[in-house]
Structure formats: structure tokens, C-alpha cells
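Taken in order, these protein sequences are the chains called A and X.
Sequential numbering of the first sequence, starting at 1, is according to the UniProt record's numbering.
Sequential numbering of the second sequence, starting at 1, is according to the UniProt record's numbering.
Positions of the beta carbon are idealized from the N, C-alpha and C atoms, including for glycine.
Taking it in order: structure first as C-alpha cells, then the write-up.
Number of protein chains: 2
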Amino acid sequence: MTKGPRFTPLVDRLPAAVPFVGPETQERERGRPFVARLGANESVFGPSPRAREAMANEAAETWKYGDSLSFDLRTELAAGLGIAPENVLVGEGIDGLLGYLVRLTVAEGDNVVTSLGAYPTFNYHVTGYGGELIKVPYRDDCEDPDALLAAAREHDAKLVYIANPDNPMGSWHSAERIQAMIEAVPDGTLLVLDEAYLEFAPEGTAPAVDPDDPRVIRMRTFSKAYGLAGARVGYAIGAAPLIEAFNKVRNHFGMARISQAGALAAYRDAAYLAEVQEKVAAGRNRIAAIAQANGLSTLPSAANFVAVDCGADGDFARRVLAELIARDIFVRMPFAAPQDRCIRVSVGTEPELDAFEAALPQALAAARG
Amino acid sequence: MTKGPRFTPLVDRLPAAVPFVGPETQERERGRPFVARLGANESVFGPSPRAREAMANEAAETWKYGDSLSFDLRTELAAGLGIAPENVLVGEGIDGLLGYLVRLTVAEGDNVVTSLGAYPTFNYHVTGYGGELIKVPYRDDCEDPDALLAAAREHDAKLVYIANPDNPMGSWHSAERIQAMIEAVPDGTLLVLDEAYLEFAPEGTAPAVDPDDPRVIRMRTFSKAYGLAGARVGYAIGAAPLIEAFNKVRNHFGMARISQAGALAAYRDAAYLAEVQEKVAAGRNRIAAIAQANGLSTLPSAANFVAVDCGADGDFARRVLAELIARDIFVRMPFAAPQDRCIRVSVGTEPELDAFEAALPQALAAARG
């Protein structure tokens, strides 16, 4: 036997850590299922019936590779945005697109700016390509555009990441504030504007799309409001030369055929999207009411989840989280201090929120006891 | 406006070339559909009806992210192979897995050995991570294990790639020959054994799986015999430390949920697989008969396609290919000289092979004319 493969020096240095432990993994470790799946910001209301039908119909066609250009979906997304297809790239979820983007821009030792406690999978990609992360604290439980830009300038960052609305806090900035941020991006830095939760946000959250602005790339997804997390469909909006550059590194035949069909049908069903938006708004209100009934406050949210302030420090919130999980409620707290005083609760179905309502007082008592 | 993103020096040097132009892209450019889809080695017989049913049923569950470990599928694949789940990794097709593997092992300037004319997507990944490709000629229309190993030794290669059965020639080596190759892999080189077409090959083509052998990683897929190319499901078989290393770089939630369900159902339907294997064998015979009726020879094939020797040089074969495409027959010729005297014809349905049979004499006449 020989010594086996030689990894790259970078890979040898990488930690084995994973960004998230999935709920199925937790269920297997626990030996029993969750009764409420409120931890991954999925859309419990599911995809549009038309998307389900389109996917079921496409199952028989799955012997064919998917269209490498996702032409139909890309064309309709571009038309919906009033821009050219050359400004849109469909990819394997925002996670996949972020991976490609980091690969395109970040060499070993390059600096990247994000917020302390923001999306771990972005950080996973940056670290995975040898980038150095500079993490800027939240301000007033919001990502801080001015501080992010200042750090980008100071560290000559290749990328600066912001999510609007933010995950995990659910906070958001106005379109004007984000547009001002775009205008102030330093030379040579690209703003990564993650709009995964945009469909849940009030009007006036997203600046107008300027497809030729080379300073920003925007990421959107079918995983949240469209209820297709398991289909892995996201899209990037950006200047044509940047979008074209993805063709140097992306997995050209990586998009599942059924997923393309499902996303297209989902995108066309605006009425269903509106229903989901209403249900999510109602669900946020109910989570807030449940929290309030237990003496807890919640943060305003423009997403499909609510950050529930457990009213003490991170250790206490972690105990609450563990007690909820012990009571079969899947929730998460992907926060850094001091935001780790919160737990993050995704909007669920009525029965799931009933289960959360029943479990929360017990979990709080156990965490206090 | 600022100057926009700064790409890495490697990305700046990368060509914009893509490994393959998809048939849908060609259809859009031509302005009309193909009548026979015989160019991508897909399985025209489609997935098992049980897989179709499983995928249709899973459509309603697609609001959930897929299991990040593909636990059920991985467990059953391992059981079927008589090895531990730690020796198996499910990923987004062999294309996705090859990309991760190259990223794990190939830094800029590292050498990688493959055959001249072998799988372009592997080369795409190697180039994409800055590796240097050393290409070894075919010998007697087969990949040449001895020459591949000699080149790996001479160039201190990180990876040496071989497909058994081979694509695009359809040729194959015996299990003994491949096992001897594994035994002779140089220290510090990893053998990448692509077995995408194994299910179509005679008994005795694959060496026994030794899950702890660190010198080889094997790649298999649901894209070919299982008829799920559009679902993007492949798997790697290798020593546990190598399999574990993928967790440092892979897109943990990248597997579509429907795809996992479809692959599992397909894997369980051995009777359907046997049917497909029979139909593919019959289809290969028919392609050979059609070629023979036109005065052309074919190469023996252990895959779901046949290399048809057009009997002259590459320029002539390229003319035949163009004339077939002009007659709405989608075929490819991903060969390097002297193998480029051939065109590659995937097994099709009876009506598709009827269309090929009708078009071939005309295409040959036009190419000669």
C-alpha cells in the first residue's frame, strides 16, 4: 500500500467543519423525528401546485441532461427583471453560486468582508479557497453598511457580503440605503448582495436593478418564497462580463432537469407566491405573539423567520434551543454575540407553531431551572 | 462606475471554453429539434417507473433541503458493494465529484495524466484549478494503462485518469488489467477510475472493490444505465480518509431532494436495470448492423454507445457528423486523432435508430460528394 493521495497545501490546512448539520442528520442522531421543522428557513407551505405538477411531469424526461444554459428559466427571469439574459445566471442554489463567485475572485490570502454572525456557507467558501475573512459586528441588530465598506476599503477586500433582508436577524435596510452602499463600494471590491429573502420584505427594500453596474452582484433563490429548497435553484444578477466569467468555472451540466422545470412553473405562479407571502406574514405575527405570551420580545423581520430574543445571554439562549430540540422542535441559532441572545424560528404550519407554542414555556422553564 | 471585480490571476488566464455544447443549445441555434438524440450517451429508455414514481411523489417535499449526507442512498450503495458508508460519497454527478476531487488535490502547476481524447469535463476541471494536463495517446483504440502509469511516474502526477469502459471509444480492459494498474500506481498519485458505463460491460470488467486501498478512487453514476442524467447523482468509492476530505470542500446541501429519492428507487429496481442492459446490447448490435450495411465498421463496445469508424480521416468523419446533424440526428465525435476517424452513436429507441439508418447513407454520400 502506498501513502495515498496528496492534497493541496490549502486543503491540508482546511478544517473539516461543515456549515450546518441538517435536520435529517439530527433526527438520526436523536433517534426520532422532529414534530416541527422550523430551523432551516424553508417554506413549509411548499412549492406551487403548478411547480409540483411540472416536476412530476418532468420525471419521465430525467434521462436527459438538463439544459446547460437553463435557457427558458434564464430568459423568463431576465424578462421579469426587464434586463437581458446575459445579466442573469441560473445555478445550483445561492450556495453553489457563491462558491463559484468566491472561486472566481478569491485567491489564497485575499481579503473578504462580511458581518460577524452572517451566512456561514459564504464563509465556508471563502475559507475553502484560502481567503481571509474580516468580520464586522452588527449595529443595532442590523448589518452595518458603513462599517462593511470601511473594512472593505481598509483591507482592500475582493468581496464584501451583505444580505438584505438579513439572515439570521431578519432585519433589513431600505433600497436607498443599499443603493448608497453600492455607490460607495471601493474600487476593485465587488458587493455581494444576497437577496434570498427579498420576496418576504416590504416594498422599497431592493434598489432598482441596474444590470450594467459592475460593482454589485445580486443573488436570489427559489429555495425560500418559492418553496423549492430541495431543488437547488438560485440565480445571480450582474454585469454581463461577470456573469460570463462564471462559464470558466461552473459545472455546465450541473442543473437538475426537474429543478429547472419546477422553478419555471413556480416563477409563473404569481398568485401562489402572494398566498405564501400572506401566510408568512401571518406566521411571523404568530411567532411574535407566542414569544410575547412568554415574556420574550422579537425583532421585526422581513424574512420567513423571526429572531426571538430570549432576554439574556448566549448561554441561556443555547439552553433554550437545546430544550426546544429535546421537545422535537427543530430551530437554530446561527448567531454571534451579542445577537446570540436570540433563537431563530422559521415560519411553520399552524400545527407546527402549535407545537412550538406548547414547547416554549417548558423549554424556558427548563433553561432557567 | 468603477472597474468592477478583480478575478484571480488563474481565472484571468482561463479560456472561456465549455466542455460540451448541449443538444438544447444546438436545437435553438438550428431553429428546429433533433429527431434522434444519440449524442450524449443518455439512456433513452428512461429511468425505472419506480424511480419516476418516487420523484413525482417527492415533488411535494421539495420545500425541504435534501439530506446533506444522502444517508439513505449512501447506506444502500455501501451495502450493495459490501463496504462501509464511510467509503462512499454521493455527489452531484461524476462531473461534480471530479470537480471536488481536482480541487482537493491539484494546485497550480500540478501535473495530471489522462488520455488524449478522453473525458473533456475532467480536463476542464484540471485546467480550471490550474493543473497541467499530460495526455497519453490511445493504443489500439484503448486507453493505455502502462503508458498512463509511465507518464504519471515521469511527471509526478497528482492524478491519473482512466475510464473503464472508455468513453468515447467504448473499449474496455479486464478486471485483471485494471487491478494490475492499481497495484502499479506510483507513490503519491491517485488513480481516478471512472466506471460510468460499468453496468453495460461484461462480467469481469471491474476489479473487486477494496474500500481501504488509498491508491484509487472509483466513480459511478445514475446518469447512464439508471437513466437519471438530468437528476445529477453520482458516487465515489474510496478509502475513508479520502472520502472524508470531500467534506472540506463539497457543497453540503447541493444534492437535490428529488434526485436522491429517484436514485434510491432506481437502485432498488434491479429487474428494470436488467431490461435496460438487454435493450442497450440489442441497440449496439443494431448500430453495428446499420454501419455495416453502409460499408463501415464499428468498434466493440462495453458502453451504451458505439464508435462508428467512418473509414477515412478526421475531416471526413467531421463532415459525416455535420451531415447527420443537418438531418436532425444528434451525434457527437469527442475524439482526438487518430480516433477522430470515428463518430460516436448512443443507443437510441427503435424509431431513433430508424432515423439514423435512413440518414446515414445520405450523410455519407454528402460527405463524400
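Local Cβ density within 10 Å of residue i, reported as buried at 16 or more and exposed below that
{"i": "S297 (chain A)", "result": "exposed"}
{"i": "D313 (chain A)", "result": "exposed"}
{"i": "R257 (chain X)", "result": "buried"}
{"i": "E278 (chain X)", "result": "exposed"}
{"i": "D212 (chain X)", "result": "exposed"}
{"i": "G31 (chain X)", "result": "exposed"}
{"i": "A229 (chain A)", "result": "buried"}
{"i": "A16 (chain A)", "result": "exposed"}
{"i": "P351 (chain A)", "result": "exposed"}
{"i": "D315 (chain A)", "result": "exposed"}
{"i": "R139 (chain A)", "result": "exposed"}
{"i": "R368 (chain X)", "result": "exposed"}
{"i": "P85 (chain A)", "result": "buried"}
{"i": "G91 (chain A)", "result": "buried"}
{"i": "D12 (chain A)", "result": "exposed"}
6 Å Cβ shell around residue i - same chain, five flanking residues per side excluded
{"i": "A184 (chain X)", "result": "L149"}
{"i": "E132 (chain X)", "result": "N111"}
{"i": "E272 (chain X)", "result": "In the sequence on display, residue 272 (chain X) carries Tyr and not Glu. The answer, listed in chain order, is S48."}
{"i": "P9 (chain X)", "result": "none"}
{"i": "N164 (chain X)", "result": "W172, H173, I178"}
{"i": "P186 (chain A)", "result": "A152, R153"}
{"i": "R353 (chain A)", "result": "Strictly speaking, residue 353 (chain A) in this sequence is Leu, with Arg absent from that position. Excluding positions up to five away in sequence, the list reads R286."}
{"i": "R332 (chain A)", "result": "G39, R344"}
{"i": "A291 (chain X)", "result": "T298, V308"}
{"i": "G231 (chain X)", "result": "With the sequence shown as reference, residue 231 (chain X) is identified as Ala, and Gly is not the correct amino acid for it. S259, G262, listed in sequence order."}
Under 8 Å by beta carbon: chain A residues contacting residue i
{"i": "F122 (chain X)", "result": "Neighbours of F122 (chain X) on chain A: none; closest Cβ ~12 Å, over 8 Å."}
{"i": "residue 387 (chain X)", "result": "Because residue 387 (chain X) is not part of the residues shown, which for chain X are 1 to 369, the question remains open."}
Per-residue DSSP class, three states only, for residue i
{"i": "Y235 (chain A)", "result": "strand"}
{"i": "F305 (chain X)", "result": "strand"}
{"i": "N111 (chain X)", "result": "strand"}
{"i": "S297 (chain X)", "result": "strand"}
{"i": "M255 (chain X)", "result": "coil"}
{"i": "G91 (chain X)", "result": "strand"}
{"i": "A225 (chain X)", "result": "coil"}
{"i": "F330 (chain X)", "result": "strand"}
{"i": "R220 (chain A)", "result": "strand"}
{"i": "K158 (chain X)", "result": "coil"}
{"i": "G194 (chain X)", "result": "Looking at the sequence provided, one finds Asp at residue 194 (chain X) rather than Gly. D194 (chain X) falls in the strand class under three-state DSSP."}
{"i": "V280 (chain X)", "result": "helix"}
{"i": "A163 (chain A)", "result": "strand"}
{"i": "E132 (chain X)", "result": "strand"}
{"i": "V102 (chain X)", "result": "helix"}
{"i": "A184 (chain A)", "result": "coil"}
{"i": "residue 370 (chain A)", "result": "Since the first and last residues shown for chain A are 1 and 369, residue 370 (chain A) lies out of range."}
{"i": "A118 (chain A)", "result": "coil"}
Per-residue contacts from residue i into chain A (C-beta, under 7 Å)
{"i": "D67 (chain X)", "result": "G22, E24"}
{"i": "residue 373 (chain X)", "result": "This structure cannot settle anything about residue 373 (chain X), because the visible part of chain X is limited to 1 through 369."}
Beta-carbon contacts of residue i that lie in its chain and below 8 Å, excluding the five residues immediately before and after
{"i": "P241 (chain A)", "result": "P214"}
{"i": "V88 (chain A)", "result": "R74, L77, A78, L81, Y235, A236, I237, I243"}
{"i": "D144 (chain A)", "result": "S115, V136, P137, Y138"}
{"i": "P19 (chain X)", "result": "P120, T121, N123, Y124"}
{"i": "I83 (chain A)", "result": "V209, P211, I237"}
Interface residues of chain X facing residue i [CB-CB closer than 8 Å]
{"i": "L14 (chain A)", "result": "K248, V249"}
{"i": "K158 (chain A)", "result": "P5, R6"}
{"i": "V11 (chain A)", "result": "R103, L104, T105, A245, K248, V249"}
Where residue i meets chain X, residues with beta-carbon distance less than 7 Å
{"i": "M181 (chain A)", "result": "By Cβ distance, chain X contributes nothing, its closest Cβ being about 13 Å from M181 (chain A), past 7 Å."}
{"i": "F7 (chain A)", "result": "L104, T105, A245"}
Own chain residues within Cβ distance below 7 Å of residue i, not counting five before or after
{"i": "A206 (chain X)", "result": "A175, E195, L198"}
{"i": "L364 (chain X)", "result": "N294, V320"}
{"i": "F45 (chain X)", "result": "G227, V276, K279"}
{"i": "W63 (chain A)", "result": "none"}
{"i": "F305 (chain A)", "result": "N41, G170, R344, V345, S346, V347"}
{"i": "G66 (chain X)", "result": "F253, M255, A256, R257, Q260"}
{"i": "G99 (chain X)", "result": "H125"}
Interface partners of residue i on chain X, CB under 9 Å
{"i": "T62 (chain A)", "result": "G46, P47, A51, R52, M55, G227, L228, A229, G230, A231, I258, S259, G262"}
{"i": "E275 (chain A)", "result": "The premise fails here: E275 (chain A) is roughly 14 Å from chain X at the closest Cβ pair, so nothing lies under 9 Å."}
Query raised in the report: Which residues, in chain order, does the segment 254-273 of chain A contribute to contact with chain X at a C-beta distance below 9 Å?
Result: G254, M255, A256, R257, I258, S259, Q260, G262
Query raised in the report: Along the segment 171-198 of chain X, what residues have a CB closer than 9 Å to any CB found in chain A?
Result: V185, P186, D187, G188, T189, L190
Query raised in the report: Just by C-beta distance, which residues in the segment 113-139 of chain A are closer than 7 Å to chain X?
Result: G128
Report task. Mind checking the segment 215-233 of chain A against chain X and listing, in chain order, the residues whose C-beta falls within less than 7 Å of any C-beta there? Result -> R215, G227, L228, A229, G230, A231, R232
Query raised in the report: Which residues, in order along the segment 312-345 of chain X, keep a beta-carbon less than 7 Å from a beta-carbon of chain A?
Result: none
**Report entry** Residues of the segment 75-105 of chain X with Cβ closer than 8 Å to any Cβ of chain A, in chain order
**Finding:** E92, G93, D95, G96, G99, R103, L104, T105
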